[in-house]
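Going from the sequence shown to this note's numbering is simple: count from 1 and add 9. Here is the structure we will look at.
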Amino acid sequence: MQKELVNCIRTVDEGEGWVEEQTGLHELEFIETRRHWFEGTVPHHTQGKVHMLNLVEGEEVVVESPTGEFEPFIVHYAETFIVPAAVGPYTIRPAVQGLSLKLATVKAYVR
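Next comes the structure, spelled out in structure tokens:
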């Protein structure tokens, strides 16, 4: 039961001011879920897959496309947003810079 059913969270990547965790869905599930804890800008890439995200910690963040695929937009606590597969790279950052507040998003996508 511990090996197959208990939610095993593990760090899969990290950078300056952020950590990405795999949140432990069973390997036979077709959905992958990742949690990002961050205080600065977090890079993301769709890798050709639709991303569905939710802000689960913090008041608000800004979602931006470094390639201009979409206009920047603000997401508030508990709001869900979708990033189309065609977007490619995008970033999520605190709406207010320099406060050192811990923020978190949960991202889901088809494996």
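All C-beta atoms in this analysis are idealised placements derived from N, C-alpha and C, irrespective of residue type, glycine included. Given the structure is predicted, the values throughout are model-derived calculations rather than measurements.
Selection from the options that minimises the alpha carbon distance to residue i
i: Y86; options: E38, G67, P93; result: G67
i: A117; options: I101, F39, E80, G24; result: F39
i: G97; options: G57, F90, P81; result: G57
i: V28; options: V70, P75, G49, G77; result: G49
i: V72; options: K111, V115, F90; result: F90
i: V51; options: H35, E30, N16, F79; result: E30
i: H45; options: V70, L37, H35; result: V70
Terminal residues of the beta strand (DSSP E) in which residue i lies
i: K111; result: Element bounds for K111: n/a, residue is neither H nor E.
i: H60; result: 60 to 66
i: V51; result: 51 to 54
With 16 other Cβ atoms within 10 Å as the buried cut-off, status of residue i
i: G120; result: What sits at residue 120 in the sequence shown is Arg, not Gly. R120 should be labelled exposed.
i: F47; result: buried
i: P103; result: buried
Residue i, DSSP secondary structure in three states
i: V115; result: strand
i: V96; result: helix
Short Cβ contact (7 Å threshold) for residue i with residue j
i: A94; j: T55; result: yes
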